[in-house]
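**Student:** Numbering (this note's numbering), first residue to last: 2 to 341. Ideal placement from N, C-alpha and C gives every residue a C-beta, glycine not left out. Predicted model, so just to flag it, every value in this text is computed and none were measured.
#1: Grouping DSSP H, G and I as helix and E and B as strand, with all else coil, what is residue 13?
#2: First and last residue of the beta strand (DSSP E) that includes residue 141?
#3: Could you spell out where the beta strand (DSSP E) holding residue 45 opens and where it closes?
#4: Going by DSSP, name the residue or residues bridged to residue 240.
#5: So which of 268, 300, 244 has the shortest CA-CA distance to residue 182?
#6: For residue 126, which residues does DSSP report across the bridge?
#7: Give, in chain order, every unbroken run of the beta strand (DSSP E) that is at least 3 residues long and sits entirely within the region 146-234.
#8: Between residue 221 and residue 163, what straight-line distance do the alpha-carbon atoms span, to the nearest angstrom?
#9: The beta strand (DSSP E) that contains residue 269, what's its start and end?
#10: Using a Cβ-Cβ cut-off of 7 Å (strictly less than) and excluding sequence neighbours within five positions of residue 231, which residues of its own chain qualify?
#11: Go ahead and pull the three-state DSSP assignment for residue 95.
#12: With DSSP collapsed to three states, give me the class of residue 301.
#13: So residue 343 and residue 19 are in contact, right, with Cβ under 8 Å, and what is the actual spacing, rounded?
#14: Go ahead and label residue 300 buried or exposed: buried means 16 or more other beta carbons lie within 10 angstroms of its beta carbon, across all protein chains shown.
#15: Mind checking residue 63: buried by the 16 CB within 10 Å criterion, or exposed?
#16: Who does residue 284 pair with in a DSSP beta bridge?
#17: Return the CA-CA distance between residue 166 and residue 8, expressed in angstroms with no decimal places.
#18: Quick test of your reading: residue 277 and residue 309, contact by CB under 8 Å. State the CB separation rounded to the nearest angstrom.
#19: Would DSSP call residue 74 helix, strand or coil?
#20: Beta carbon of residue 48, beta carbon of residue 5: below 8 Å?
#21: Candidates 159, 117, 224: which alpha carbon is nearest residue 305's?
#22: For residue 176, which option in 83, 92, 56, 195 has the closest C-alpha, if you only look at C-alpha atoms?
#23: For the 8 Å Cβ check, are there 3 or more pairs between the region 246-256 and the region 196-204?
#24: Below 7 Å CB to CB, which residues in the same chain sit around residue 292 once its five sequence neighbours on both sides are set aside?
#25: Looking at the unbroken beta strand (DSSP E) that takes in residue 41, where does it start and where does it end?
#26: In or out: residue 16 buried (at least 16 other Cβ within 10 Å) or exposed?
#27: Kindly examine the ligand PLP and report whether one of its heavy atoms sits closer than 7 Å to the Cβ of residue 203.
#28: Could you have a look at residue 331 and say whether DSSP puts it in helix, strand or coil?
#29: What are the boundary residues of the beta strand (DSSP E) that residue 83 is part of?
#30: Indicate whether the contact test is met: 3 or more Cβ pairs, each with one atom in the region 101-117 and one in the region 279-299, closer than 8 Å.
#31: Ends of the beta strand (DSSP E) at residue 105?
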């Protein structure tokens, strides 16, 4: 769907890139099967000419995913292990082919349609990106929870507190940028919004969000890439993360911590696993708590935010965790033995 790494928004592809590049840096022989406009130091096998989201001529996206799987299984015997990031598309193939493999699930799992699928494919070895993500499918074959990580030098630490709140991500009902605007208005602090608007959310943006932007405290700057994100987050007083859904991880939270910027987040999904309340941010349950958190944010240490990032959320740590899992699987102890 996106290039690896993505040109703009795209958490899954960004993590795939960080993991791939760190594996190569450590001396491993890695093949990345992705869109042809991906950029990597690994061997790239192109499953399509360019990312499907950017290809206006692409009508049937599933066709390219099937082609990706075919390209893999044509040469699968040359690999020690295969690490999938395509949800469940490969399950019928890997069930019938005895290879060492695992799958990181990046999305939300609280979808009723997934229950019978994971019941049927209960042996498939899967990795969660937070413990909260597992809750709808407790009986899946969970091997480990491996938190995302960023290259340690991707973003620079900014020791000085900024004067605006930052919202970054995607304009959609579950991301609740409207809450971010309410928080800024109540706290009388400027809010800068760096977000993309997918085609599916254009009506929502026009009807529910665009009318709220007519406020001197609110600035909408659109989608930004990695080259702009460090400055955007590093110069903020705090990141506001007012989600209204079971967020599987929330990559932007650790991006903010890497810059030294604390996070004000609503208590959903992975938030309590990523943010330490009163230490790297505040976890809130409503508007007034969020406004109070803004007023107290200067009590938090930006140095502590960066230190927590370095301890818990680097790409090196993430890669080390995956390598330990790969070793257990490759050694032949099997998915069941590798399970936590």
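**Tutor:** Quick look at the numbers:
#1: Stepping through the chain shown from its first residue, residue 13 is reached at position 12. Three-state DSSP puts residue 13 in a helix.
#2: Sequence index remark: in the chain shown, residue 141 carries index 140 (1-based). From DSSP, residue 141 is part of no beta strand (DSSP E); its letter is neither H nor E.
#3: Walking along the chain shown from the start, residue 45 turns up at place 44. Note, residue 45: beta strand (DSSP E), 44-49.
#4: Taking the chain shown and counting its residues from 1, the one referred to as residue 240 is at position 239. 167, 264, per the DSSP bridge assignment.
#5: In the chain shown, counting from the first residue as 1, residue 182 sits at position 181. When each option's Cα is compared against that of residue 182, the closest is 244.
#6: Here residue 126 refers to the residue found at position 125 of the chain shown. Paired residue(s): 142.
#7: 166-171, 192-197, 219-221
#8: Position 220 of the chain shown holds residue 221. Position 162 of the chain shown holds residue 163. About 17 Å.
#9: Locating residue 269 in the chain shown gives position 268, counting from the first residue. Element bounds for residue 269: n/a, residue is neither H nor E.
#10: On the chain shown, position 230 is the one that residue 231 refers to. Around residue 231: 156, 157, 260.
#11: Taking the chain shown and counting its residues from 1, one reaches residue 95 at position 94. In the structure shown, residue 95 sits in a helix (DSSP, three-state: H, G or I).
#12: Position 300 of the chain shown holds residue 301. Looking at residue 301 - three-state DSSP - the assignment turns out to be coil, as it is neither helix nor strand.
#13: Because the chain in this structure spans residues 2 to 341, residue 343 falls outside the shown range and cannot be described.
#14: On the chain shown, position 299 is the one that residue 300 refers to. Counting Cβ neighbours within 10 Å, residue 300 comes out exposed, since fewer than 16 surround it.
#15: Mapped onto the chain shown, residue 63 falls at position 62. Classification of residue 63: exposed, given that the 10 Å Cβ count is below 16.
#16: As a first step, residue 284 must be located in the chain shown, where it is residue number 283. Residue 284 pairs with 266.
#17: The residue labelled residue 166 in the question sits at position 165 within the chain shown. The residue labelled residue 8 in the question sits at position 7 within the chain shown. Taking the straight line joining both Cα atoms gives about 24 Å.
#18: For the purposes of this step, residue 277 is taken as the residue at position 276 of the chain shown. For the purposes of this step, residue 309 is taken as the residue at position 308 of the chain shown. Contact holds; Cβ gap of about 7 Å.
#19: Indexing the chain shown from 1 puts residue 74 at position 73. Three-state DSSP puts residue 74 in a helix.
#20: Here residue 48 refers to the residue found at position 47 when the chain shown is read from its first residue. Here residue 5 refers to the residue found at position 4 when the chain shown is read from its first residue. Their beta carbons are not under 8 Å apart, which means residue 48 does not touch residue 5 by this criterion.
#21: What you label residue 305 is simply residue 304 of the chain shown in a count that begins at 1. The shortest C-alpha separation from residue 305 is found at 159.
#22: Counted from its first residue, the chain shown places residue 176 at position 175. Ranking 83, 92, 56, 195 by Cα distance to residue 176 puts 195 first.
#23: no
#24: Position 291 of the chain shown, counted from the first residue, corresponds to residue 292. Once the five neighbours on either side are set aside, the close Cβ partners of residue 292 are 184, 187, 188.
#25: Reading the chain shown from its first residue, position 40 is the one you call residue 41. Per DSSP, residue 41 belongs to no beta strand (DSSP E) and is neither H nor E.
#26: In the chain shown, counting from the first residue as 1, residue 16 sits at position 15. By the 10 Å Cβ count, residue 16 comes out buried.
#27: In terms of ligand content, the structure shown is empty, and the ligand PLP therefore cannot be addressed.
#28: The residue given as residue 331 occupies position 330 in the chain shown. It is helical.
#29: Translated into the one-based positions of the chain shown, residue 83 becomes position 82. Run containing residue 83: 83-85, per the beta strand (DSSP E) assignment.
#30: Taking a cut-off of 8 Å on C-beta distances, the region 101-117 does not touch the region 279-299, as fewer than three cross pairs fall below it.
#31: Working through the chain shown from its first residue, we reach residue 105 at position 104. Per DSSP, residue 105 belongs to the beta strand (DSSP E) from 102-105.
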